[in-house]
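Basically this note's numbering = 1-based index in the sequence shown + 91. Cβ coordinates follow ideal geometry from the N, Cα and C atoms, glycine included. Taking it in order: structure first as structure tokens, then the write-up.
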Amino acid sequence: MKLAIVFWIWTAALGAGVQEPAPPVDAEANRLLQEMSDTLSKAPRFALEAEETFDEIPDVGPRRELVNVRSVVMERPNRAVADVVGETRNRTVWFDRGRLTVLDKEQNAYASLEAPPTVDAMLDWVAEEYGIEVPLSDLLFSDVYSVLMEGVIRGEYLGFQKAAGASCHHLAFEQETIDWQIWIDAESRLPRKLAIAYKTEPGEPRYEVVIHKWNLSPSFPEGLFDFEPPEGAEKIELARVLGEKEESR
92 MKLAIVFWIW TAALGAGVQE PAPPVDAEAN RLLQEMSDTL SKAPRFALEA EETFDEIPDV
152 GPRRELVNVR SVVMERPNRA VADVVGETRN RTVWFDRGRL TVLDKEQNAY ASLEAPPTVD
212 AMLDWVAEEY GIEVPLSDLL FSDVYSVLME GVIRGEYLGF QKAAGASCHH LAFEQETIDW
272 QIWIDAESRL PRKLAIAYKT EPGEPRYEVV IHKWNLSPSF PEGLFDFEPP EGAEKIELAR
332 VLGEKEESR
């Protein structure tokens, strides 16, 4: 009997010291990311303005931080216009119900071609056919949560921080080849900042975008999604407009 009591005390103490492993993504981070996704999914149209910075690491010379300014307007499920101007791009993209047009403003050259009929399908198609991950595209899908969480190994809630002048929930996530962080506006539940570190690339370059403006009920002018070639613009193949393969960011 004494031996049985001693054994029970020992096993109870041992069991008390064993902790359940923490879930790969903690509950608060998961909840906030789902709320953000729901907020975007429920918006039939929106507009945003953002500034992005990313590292360029040349074979010879110092690391450089390059800057672009991006704006996006979208009308779900099948219309969007995106514009980027900065140190690496000077381009506008129109997508209107299955017609994709890309204008390189420096070359004054454009490509226009048939594409899948929705924004979701078009973004997947561009990635598969041309190896291009459009910057900010993860936030344009109808189910942002599923897109962002694919391949996530761990996720943590890090508390409150300021981003784009707003008080935000700061979340961090780990995947096999990247670590990424997102700052979600505590009031609007909209993303305000996204940062990605590419762990397997030389020098571990970093991409960061700060979204300064959101509008979930914009008024779009007549003809916004219609493309009219600029005077003298040359129509060429999409590969020539895109130039070298655009990096995933």
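- Taken in chain order, the complete beta strand (DSSP E) segments of 3 or more residues contained in the stretch 183-219 are 190-195, 200-205.
- If one requires a minimum length of 3 residues, the beta strand (DSSP E) runs lying completely within the stretch 294-332 are 297-306, in chain order.
- Short of 6 angstroms from the beta carbon of A254, and not among the five residues preceding or following it, lie these beta carbons of its own chain, in chain order: W274, R283, K284.
- Less than 8 angstroms separates the beta-carbon of N159 from that of E178.
- By the Cβ criterion, the stretch 307-326 is not in contact with the stretch 140-148, since fewer than three pairs of Cβ atoms, one from each stretch, lie closer than 8 angstroms.
- Beta-bridge annotation (DSSP): F137 is paired with M165.
- Under a 10 Å Cβ-count criterion, R188 is classified as exposed, with fewer than 16 other Cβ atoms of the shown protein chains found around its own Cβ.
- Every unbroken stretch of the beta strand (DSSP E) spanning 3 or more residues and falling wholly within the stretch 239-268 is given here in chain order: 245-254, 257-265.
- Distance from the Cα of S308 is smallest, within the candidate group R122, D117, L131, Q252, for L131.
- In the structure shown, R283 falls within a strand segment according to DSSP collapsed to helix, strand and coil.
- In the structure shown, the three-state DSSP call for A277 is coil.
- Between E140 and V163, the alpha-carbon positions lie close to 7 angstroms from each other.
- Looking from the CA of A212, the closest CA among R245, T183, E247, N169 belongs to N169.
- Inclusion of I244 and I269 in the CB contact set at 8 angstroms is not warranted, their separation being larger than that value.
- Around the beta-carbon of F251, fewer than 16 other beta-carbon atoms lie within 10 Å, marking it exposed.
- At the C-beta level, L191 and Y201 stay beyond 8 angstroms of one another.
- Under the three-state reduction of DSSP, E143 is assigned to strand.
- Here R331 is exposed: its Cβ has fewer than 16 other Cβ atoms, across all protein chains shown, within 10 Å.
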